[in-house]
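Per full-length UniProt numbering, the sequence shown starts with residue 1, numbered consecutively. Note that the Cβ used here is the ideal one computed from N, Cα and C, for glycine as well. Have a look at the structure below before the remarks.
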Amino acid sequence: TIADSATDGLLRGTTPASTIEGTTRRSAKISDPPLFYNNKDKDTITFNTWIRQVENKLDVNHDHYENDRARQSYIEFRLAGKASYQLEPYLEEAHPNQIKTSASLIAWLKNEFRNVNRAEEAIEEFEALRMKPGDEYHSFRNEFVRLAGECRKTRSEWKKEFKRRLLPIFQDKLIREYIDDTVDFELY
Numbered sequence: 001t002i003a004d005s006a007t008d009g010l011l012r013g014t015t016p017a018s019t020i021e022g023t024t025r026r027s028a029k030i031s032d033p034p035l036f037y038n039n040k041d042k043d044t045i046t047f048n049t050w051i052r053q054v055e056n057k058l059d060v061n062h063d064h065y066e067n068d069r070a071r072q073s074y075i076e077f078r079l080a081g082k083a084s085y086q087l088e089p090y091l092e093e094a095h096p097n098q099i100k101t102s103a104s105l106i107a108w109l110k111n112e113f114r115n116v117n118r119a120e121e122a123i124e125e126f127e128a129l130r131m132k133p134g135d136e137y138h139s140f141r142n143e144f145v146r147l148a149g150e151c152r153k154t155r156s157e158w159k160k161e162f163k164r165r166l167l168p169i170f171q172d173k174l175i176r177e178y179i180d181d182t183v184d185f186e187l188y
């Protein structure tokens, strides 16, 4: 039957949101982000990554949450440890600043857990970044790209910035490519 097809698709998690002969099917359920603890020993991703995953989940699977209360509950269920404990007073009805919506909960979480110093920290990390003997070239390059992105460096600056952070042996081997204006960072 059509209902069985819809159920089978949902169980497989591959059914896009659609309507078949009057039967509405839900969007394919995307994975839940890990729990957020606000504890660097327990958290497997940064807060910024976690909150983006929560927002993506609520957006992509919007049809799985019937109302805002369901969205807020979902967010609360993805909190654990200190993060959950720190939120608790703001969920009480008697609290003068009670959090009553998913949007206000997300705003509160961002205000409390987003690292406001991250841009400055990234600049400091970028300035201190130097390749050391034993560093794997591609891992070093990946870290450079991440930090350059966090520092909002333009791609036109990357080649020069990258060269000065390399070990002298790499600088010597790549001198022709560095001088060649037709070689951009991607080819360097």
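Which value, in whole angstroms, describes the spacing of the CA atoms of S31 and I51?
Approximately 14 Å between the Cα atoms of the pair.
Leaving out the 5 sequence neighbours to the left and right, which residues in its chain are closer than 8 Å to L187 when beta-carbon positions are compared?
Closer than 8 Å at the Cβ level, and outside the excluded window around L187, lie E177.
Look at R26 and N61 and say whether their C-beta atoms are less than 9 Å apart.
The answer is yes: Cβ separation under 9 Å.
DSSP state of L79, grouped into three classes?
strand
Around the C-beta of I169, are 16 or more other C-beta atoms found within 10 angstroms, so that it is buried, or is it exposed?
Here I169 is exposed, its C-beta having fewer than 16 other C-beta atoms within 10 Å.
Smallest Cα separation from residue 201: which of F162, N39, K153?
In the structure displayed, the chain extends from 1 to 188; residue 201 sits before or after that span and is not available.
What residue does the alpha helix (DSSP H) around Q53 start on, and which one ends it?
Judged by DSSP secondary structure, Q53 falls within the alpha helix (DSSP H) whose first and last residues are 47-60.
Bridge partners for F36 per DSSP, in chain order?
L79
Would D184 and R155 qualify as a contact pair, given that the criterion is a beta-carbon distance under 9 Å?
yes
Could you compute how far the alpha carbon of A28 sits from the alpha carbon of D63?
10 Å
Output needed for L174: all residues of its chain with C-beta closer than 6 Å, excluding positions within five of it in sequence on either side, in chain order.
none
May I have the straight-line CA-CA distance separating Y37 from G81, to the nearest angstrom?
5 Å
Report the three-state DSSP secondary structure of A94 (helix, strand or coil).
coil
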